Amino acid sequence: MPAENIVEVHHLKKSVGQGEHELSILTGVELVVKRGETIALVGQPLHNMDEEARAKLRAKHVGFAFQSFMLIPTLNALENVELPALLRGESSAESRNGAKALLEQLGLGKRLDHLPAQLSGGEQQRVALARAFNGRPDVLFADEPTGNLDRQTGDKIADLLFSLNREHGTTLIMVTHDLQLAARCDRCLRLVNGQLQEEA
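For my numbering, count along the sequence shown from 1 and bump the result up by 107.
Rendered as structure tokens:
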């Protein structure tokens, strides 16, 4: 039985600017992603999504893990992880229990009450991964998930990322410049002249 397609993109085009200053960024991207698959997108970052649209999509189906972690500095680890579930409308008890379980799974059970500034870079990234997986998103977008970490810590975080991917059946789409990390994915795509090209 073939795997279910979770993301399908056909003829995607994106331009910025107008008239003679118009620049084509995407010129007909085609992409099909199967449930549970891992993919690395290799290319330059694009920041063109409307904030309200991004928030609605993320709250329902999508998780994000950012290179700079994007933890809220005034919230402790547990509160940072439970926030997306609360925004989705889960009860306080349900969101707290799910967040606590993920943090304990990632070895942070004794750091629940610590603020981001009280955590190491690797611990902050684990909090960010727990937040991204909280609510079991259909798709997780990871933007340079190990980019701010030393190689040893980055390798541990990558192991956790792929472990959570397998365990939760979440489709992982990762943007990275780390070719070793990209090689761990099922497929590797590179953005070249506005087109996605599959690498061997």
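Built from N, CA and C at the ideal position, the CB exists for glycine as well. Bear in mind that the values here come from a model prediction, so they are computed numbers and not experimental data.
Residue i - containing beta strand (DSSP E), residue span
| i | result |
| --- | --- |
| Q259 | No beta strand (DSSP E) contains Q259, which is instead part of the alpha helix (DSSP H) from R258 to H275. |
| D170 | Residue identity check: residue 170 is Gly in the sequence provided, not Asp. Start and end: V169 to A172. |
| I280 | T278 to V282 |
| R294 | R294 to V299 |
| Q302 | Q302 to E305 |
For residue i, the first and last residue of its enclosing alpha helix (DSSP H)
| i | result |
| --- | --- |
| A289 | L286 to A290 |
| Q225 | Segment: none, Q225 is in no alpha helix (DSSP H) and carries neither H nor E. |
Local conformation of residue i per DSSP, three classes
| i | result |
| --- | --- |
| A237 | helix |
| E251 | coil |
| A147 | strand |
| N187 | helix |
| S198 | coil |
| L119 | strand |
| A135 | The displayed chain sequence assigns Gly, not Ala, to residue 135. Of the three classes helix, strand and coil, the one that applies to G135 here is strand, per DSSP. |
| L178 | coil |
| K141 | strand |
Cβ distance (whole Å) where residue i is taken to contact residue j below 8 Å
| i | j | result |
| --- | --- | --- |
| L288 | T145 | Going by Cβ atoms, the distance from L288 to T145 rounds to 10 Å, so no, they are not a contact pair. |
| F248 | F171 | 5 Å |
Is the region 171-191 in contact with the region 137-151, if contact means three or more CB pairs nearer than 8 Å?
no
If contact is defined by three or more beta carbon pairs under 8 Å, each pair taking one atom from either stretch, is the region 210-224 in contact with the region 245-263?
no
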